[in-house]
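One structure below.
There are 2 protein chains.
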Amino acid sequence: MVNKSALVYDDLRQKIDRDVYQPGTYLPSENQLCQLYGISRETGRKALAELAEDGYIQKIRGKGSIVIEHRQYEFPVSGIVSYKELAEKMNVTTENVVYGFEEHVSLPVQMFTSLRVEMTAEPVTAVKRLRVIDGEPDIIDKDYILTAIVPKLPKAAAQDSLYAYFENDLGLEIAYATKEITMEPANDEDREQLHLDPGAYVAVVRSVTSLADATPFQFTESRHRADKFRFRDFARRTKK
Amino acid sequence: MVNKSALVYDDLRQKIDRDVYQPGTYLPSENQLCQLYGISRETGRKALAELAEDGYIQKIRGKGSIVIEHRQYEFPVSGIVSYKELAEKMNVTTENVVYGFEEHVSLPVQMFTSLRVEMTAEPVTAVKRLRVIDGEPDIIDKDYILTAIVPKLPKAAAQDSLYAYFENDLGLEIAYATKEITMEPANDEDREQLHLDPGAYVAVVRSVTSLADATPFQFTESRHRADKFRFRDFARRTKK
DNA sequence: CAGTGGTCTAGACCACGCG
DNA sequence: GCGTGGTCTAGACCACTGA
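Protein sequence lines, in the order shown, are assigned to chains A and B. All letters in the first sequence, in the order written, are residues -2 to 237 by the numbering used here. All letters in the second sequence, in the order written, are residues -2 to 237 by the numbering used here.
Shown next as structure tokens:
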């Protein structure tokens, strides 16, 4: 058996999602969890801490862990989730058109200067994709993947899912990303691909994704139709 | 003495911010931290886990905790931070104009339906504020605060900082918030207050803020000039 | 192999909510 | 006063890294 606290987390989250534990009600107390799952208190607490972190519960001292309103199936959501993972969660027909694929080009560093200061123009594979949702082109994704980490990116991986390829086929461990959201006037490429009028705006999400060994390896510029863009975030207040 | 792990967290974070521990280098190992601070290993691990959560370090098994690139003084940042706290972090001259103040009105529920399903039109105090940064009006904040939680909101609190009033004067414990970012065409009020041209867009951040006992009590609509809006997020990849 | 982080345990003491 | 969660401890075993 592996990772008891993760098993407890999954079980509780599932029960919250299925309304076994409903919003406004309390989960079993920490001591009860010990007996229910045959674990020590700290192990149960770790599972509860993650549920709190992810916005499922609020812990209240002296009372217990209350289930809070939790909305699912939103697009896009906070966190690092691939486009394919998102599409699967919702019931939408999606299409993924690769309209650009270049190997051994230089990373356009000036695009990401606000996200990372030190950066050299290392060789990357550049992929341009158009995301078509319910028959409408909504998002342009421009990915730049370090050749040093992914020497030979198959075109099929771009057609399917880059994340699935990185994680399942290459065994890369994706750890974290820094993103930045801004609003910018649409450029010619935006207008053409997303069928926008002159003067239109797009929501731009630029991100740098790093591996578990802290190596940044993927740089993404995602350009969204303004009227379709939605970003959801759950945040806890930092004490002091 | 209170909260050893928080003390260790603060000390390490401060040293990272001051480049005592530089990006790319390793923090002392967990066993070394035990001796350095006179703590048990789990206590040190808790501090490290929070540094990782907040994007300061990346933990690598078998090697140690490496300091990762961390950009500070950005506006706005992820998390729940008040406008005043943000303004203090940056060296900008700011002004805060309260141009609307109404008590005992109904919460405009339709504005927040995408954030919370169940919601009644409870009585609130409505505050409208214009944020002027470096002499330019950049943000409109519309706050709706439940009368049941804050019966009598002093106008001075709106002039200064709502968060400071809630936390310091009322002793409320702000716990978490759900936010949603969208892009919308500017309305008449936006154009007037933010000096925008017809056809302009604004970035809209709607949020619901809740207390430590899981009570939602503050609803905010924040409307930003498109060209000044910037949202920064650090996210970790969820396993499986 | 020694050193690193990842997980889990059993127990202790404390602060808070509520009757 | 009892049950809740918050913090900390000392120790155990495991998995991974790198010399």
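Even for Gly, the Cβ is constructed at its ideal location relative to N, Cα and C. All values derive from a computational prediction rather than experimental measurement.
Per DSSP, the beta bridge partners of Tyr198 (chain B) are B:Pro182. Residues of the segment 152 to 186 of chain A that bring their beta carbon within less than 7 Å of a beta carbon in chain B comprise Ile171, Ala172, Tyr173, Ala174, Thr175, Lys176, Glu177, Ile178, Thr179, Met180, in sequence order.
Residue environment for Tyr198 (chain B): buried (at least 16 other C-beta atoms within 10 angstroms of its C-beta). Chain A has a Cβ within less than 8 Å of the Cβ of Gly52 (chain B). Here Gln55 (chain B) carries a strand assignment [DSSP, helix/strand/coil]. Bounds of any beta strand (DSSP E) do not take in Thr144 (chain A), whose DSSP letter is neither H nor E. Setting aside the 5 residues that flank it on each side, Phe226 (chain A) is surrounded in the same chain by Ala200, each with a C-beta closer than 6 Å to its C-beta; the list follows chain order. The residue among B:Arg15, B:Ala118, B:Asp230 with its C-alpha nearest the C-alpha of Val102 (chain B) is B:Ala118.
Listed along chain B, the residues sitting closer than 7 Å to Ala223 (chain A) by beta-carbon distance are Met180, Tyr198. Scanning its chain for C-beta atoms nearer than 7 Å, with the 5 sequence neighbours on each side dropped, one finds around Asn93 (chain A) the residues Arg126, Arg128, Gln156, in chain order.
Within the segment 202 to 215 of chain B, Ala209, Asp210, Ala211 place their CB atoms closer than 7 Å to a CB of chain A, listed in sequence order. Chain-ordered listing is empty here: chain A has no CB closer than 9 Å to the CB of Gln11 (chain B), the nearest sitting near 13 Å. Under the 8 Å criterion on CB atoms, Arg38 (chain B) is classed as non-interfacial with respect to chain A. Within the same chain, Tyr6 come within 6 Å of Glu47 (chain A) by CB-CB distance, once the 5 residues on both sides are set aside. Nearest C-alpha to Gly97 (chain A) among A:Asp140, A:Val89, A:Val106, A:Leu104: A:Asp140.
Following the DSSP letters along the chain, one finds Ser2 (chain A) in no beta strand (DSSP E) but inside the alpha helix (DSSP H) bounded by residues 1 to 14. By the beta-carbon neighbour count (other beta carbons within 10 angstroms, threshold 16), Ala174 (chain A) is buried.
Shown here, Lys60 (chain B) sits in coil according to DSSP, grouped into three states, outside any helix or strand. Contact with chain B is absent for Ile130 (chain A), since none of that chain's Cβ atoms lies less than 8 Å from the residue's Cβ. Per the C-alpha coordinates, the member of B:Leu30, B:Val(-1), B:Asn0, B:Gly21 positioned closest to Leu9 (chain B) is B:Leu30. By DSSP's assignment, Val106 (chain B) forms no beta bridge with any residue.
Its chain contains Lys1 as the residues whose beta carbon lies nearer than 6 Å to that of Ile36 (chain B), once the 5 sequence neighbours on both sides are disregarded; these appear in chain order.
With a cut-off of 8 Å on Cβ pairs, the segment 50 to 65 of chain B is in contact with the segment 19 to 26 of chain B, counting three or more such pairs. Secondary-structure assignment with DSSP links Gly97 (chain A) through a beta bridge to A:Lys125. Note that the C-beta distance between Ile137 (chain B) and Leu150 (chain B) is not below 8 Å. Against chain B, the CB of Ile65 (chain A) has a partner CB under 8 Å away; the residue lies at that interface. In this structure, Lys176 (chain A) lies near Arg203 (chain A), with their beta-carbon atoms less than 8 Å apart. Here Gln215 (chain A) is buried, its C-beta having at least 16 other C-beta atoms within 10 Å. About 6 Å separates the CB atoms of Ile130 (chain B) and Val89 (chain B); that is less than 8 Å, so the two are in contact.
Collapsing the DSSP output to three states places Gln19 (chain A) in coil. Per DSSP, the unbroken alpha helix (DSSP H) holding Arg38 (chain B) starts and ends at 38 to 50. Taken atom to atom, the span from the alpha-carbon of Tyr34 (chain B) to that of Leu4 (chain B) is near 9 Å. Residue state for Leu208 (chain A) is assigned as strand, using DSSP reduced to three classes.
At a cut-off of 8 Å between beta carbons, Ile146 (chain A) makes no contact with chain B. By the criterion of a C-beta distance shorter than 6 Å, Phe163 (chain B) is surrounded in its chain by Leu169, once the five residues flanking it on both sides are discounted. Using a CB distance cut-off of 8 Å, Gln55 (chain B) counts as an interface residue toward chain A.
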